[in-house]
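Read left to right, the sequence shown gives residues 1 to 452 (the UniProt record's numbering). Glycine included, each C-beta is placed from N, C-alpha and C at the ideal position. Here is the structure we will look at.
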Amino acid sequence: MDAIAILDRTASCLISRSYTGTLVDVETVVRAFCSAKEQNDAPVVTVGEFRYAYITNNDLILLAIVHHDNTNAMMLFSFLYKFDEILKSYFKTKDLNRDLITDNFNLDIRALTDIPILRDVIKLEVQQNEEETPKPANDDDQQVNSSILKTTTTSISWRPRGIFYKKNELFVDVVEKISLYVDANSRVIRHEIHGSIDVKCYLSGMPVLKLGLNKLIDTENSAFFKKLQFHQCVELPKFSSDRIISFTPPDGEFQLCHYSLTIKTSPIVEIIENEFIEKSGKLFTKITIRTNFKLRAQLTYLCIKIPIDLQHYDIDFGSMPKFRCKLGKVAYKFDDDCIVWNLQSVGGERTYTMMSQFDLKRPDDNTKVVNLGMDPPPKITHPRFDKIKEIVDEENERETNNKEITMAFELPDLTFSSLKVEYLSITDDILEYTSFPWVRYKTLNADYVYRL
């Protein structure tokens, strides 16, 4: 469903709401429905690309609008009848009218069509054979009203009241992604950190959290303070005065804040040597990297892709390439025309080298005649890379002029900017429960490129 609208008996739109954003002007779409309804009284009306389903209550029309063909009409009517039931329960009347809607513009559509609140109100009924326990006649009214008002009457619209967890836990992930671009002359064109603090909140009640970061506590890091972008739950006046992030979190997963920083230090993984040498009918490559992070830290994995320019080097794939490295495994990836160097558990402040050797085709290779005499042809004891290459080239049509060394890595338990959570407190004055907070750090690659 793309939008919902409430119309009066003359089919004039009293109020509407768009859910998907695909309908720029809902009122124009509603007017098209009004014109079509005069000619067709069916409960489902089609006008161009739009489908309309509606029900009536007294002198009001509840209208659902969709912009695609594969919508379940019964689902739309189920929603409309439930919406009608909620309106009648909230206003405590069997007959809706224009005045009820216009006098409650600030509440009814904003609250009663808000998806999180509707999920709170509309529950799946349990199918049981047992007889229902009698309950007061006004119990449904109280349940609907309390479910709506528990969100609309509080200033904290992002968190409903009444949340309860048997085990109260909070997970905080400080994640930084490194973006690097170095040109062919070894000049750093772009070196940035794109970081975020992601939270998974499973706490009861209405807790108040206070989080302190080392870069905010240190008054010398005023530049970092200006680059933070916060979630709406953060109390900005308190943050501006004491540099403490104070907030009542939404339930579940959300991003507390994000930031971007320019890096002026050496890259976390740096290529210090990059050679492609042709000699004696062979191509020799040598790649040396250096890790620039704490000695005790370790990259969980590091994957380096070194492209081979087949337009410049005429590689003989009939012979087996040779690779050598002290750490990791090396292979040639035919579908990408690149050397892939995979390393595990890479330590900090270390240097690693990988070398490879490829045979190049000679001008007389195609005209060379091999005289085997009466002897049988020699047995091939290695994979036929030339045949593999032909098959891959037939299946994949792609450009072969890639000249960028790319890297992918993950550095756990550390942020490259040295950002740390100095302290984290969770308080709930009403429930006063014991909570279990967890903080994790991680540094990943974004676009990490060295141009050849």
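Can you grab the Cα-Cα spacing for the pair L327 / Y352, in whole Å? 7 Å
Under 8 Å between C-beta atoms of T71 and R51: yes
T93 (DSSP reduced to helix, strand or coil): coil
T288 to N274 span [Cα, whole Å]: 7 Å
Are there three or more Cβ pairs, one per stretch, closer than 8 Å when the segment 36-48 is compared with the segment 12-21? no
What does the alpha-carbon distance come out to for the pair M407 and G347? 16 Å
If contacts are defined as beta-carbon pairs under 8 Å, then T443 and E270 qualify, I think. What distance do you get, rounded to the angstrom? T443 to E270, Cβ: 15 Å. No contact.
Measure the C-alpha to C-alpha separation of residue 506 and T415 and round it to an integer number of angstroms. For residue 506 there is no data in the structure shown, the boundaries of the chain being 1 and 452.
Those residues which DSSP pairs with D198 across a bridge: D173 and Q255
Name the one or two DSSP bridge partners that L411 has. T443
Does DSSP classify I101 as helix, strand or coil? helix
With distances taken between CB atoms, is the gap from S204 to L431 smaller than 8 Å? yes
Rounded C-beta distance between D359 and K282? I'm assuming under 8 Å. 6 Å
Coil, strand or helix - E422 by DSSP: strand
Work out the CA separation of I65 and F164 for me, nearest whole Å. 36 Å
Tell me the residue span of the beta strand (DSSP E) that contains K322. K322 to C325
With burial defined as no fewer than 16 other Cβ atoms inside 10 Å of the residue's Cβ, what is the status of N57: buried or exposed? buried
Measuring alpha carbon to alpha carbon, tell me which residue in T102, R190 and A5 is nearest D25. A5
Cβ separation of L7 and L87, assumed to be a contact under 8 Å, to the nearest whole Å: Contact flag wrong, Cβ pair sits at about 14 Å.
For the segment 226-303, list the beta strand (DSSP E) runs that are entirely contained and at least 3 residues long, ordered along the chain. 245-247, 252-262, 269-279 and 282-291
Going by Cα to Cα distance, which pick from N97, V199 and K227 is closest to G252? V199
Can you grab the Cα-Cα spacing for the pair R98 / F91, in whole Å? 12 Å
Give the DSSP-derived three-state secondary structure of L60 in the structure shown. strand
Euclidean distance between Cα positions of M74 and T300: 51 Å
Comparing C-alpha positions only, which one of E410, E404 and K305 sits nearest to E329? The identity of residue 329 in the sequence shown is Lys, whereas the question assumes Glu. Considering only alpha carbons, the answer is K305.
Cutting at 7 Å between CB atoms, please list the residues of its own chain near Y332, excluding the five before and the five after it. P321 and I339
Boundaries (first-last residue) of the beta strand (DSSP E) holding S35: Run containing S35: none in the beta strand (DSSP E); it sits in the alpha helix (DSSP H), V26 to K37.
Measure the C-alpha to C-alpha separation of L302 and S186 and round it to an integer number of angstroms. 21 Å
Burial state of R159, where buried means 16 or more other Cβ atoms lie within 10 Å: buried
Which of the three DSSP states is assigned to L76 in this structure? helix
Nearest-angstrom Cα separation, counted from R296 out to H194: 24 Å
May I ask which residues mark the beginning and end of the beta strand (DSSP E) holding M355? T351 to D359
Where K167 falls: helix, strand or coil (DSSP): coil
Just the Cα atoms here: how many angstroms apart are N292 and L411? 12 Å
Residues of its chain near S435, where Cβ-Cβ distance is below 8 Å and the 5 sequence neighbours each way are ignored: N168, E169, L170, L203, P207 and I426
Could you name the residues that DSSP lists as bridge partners for K333? C338
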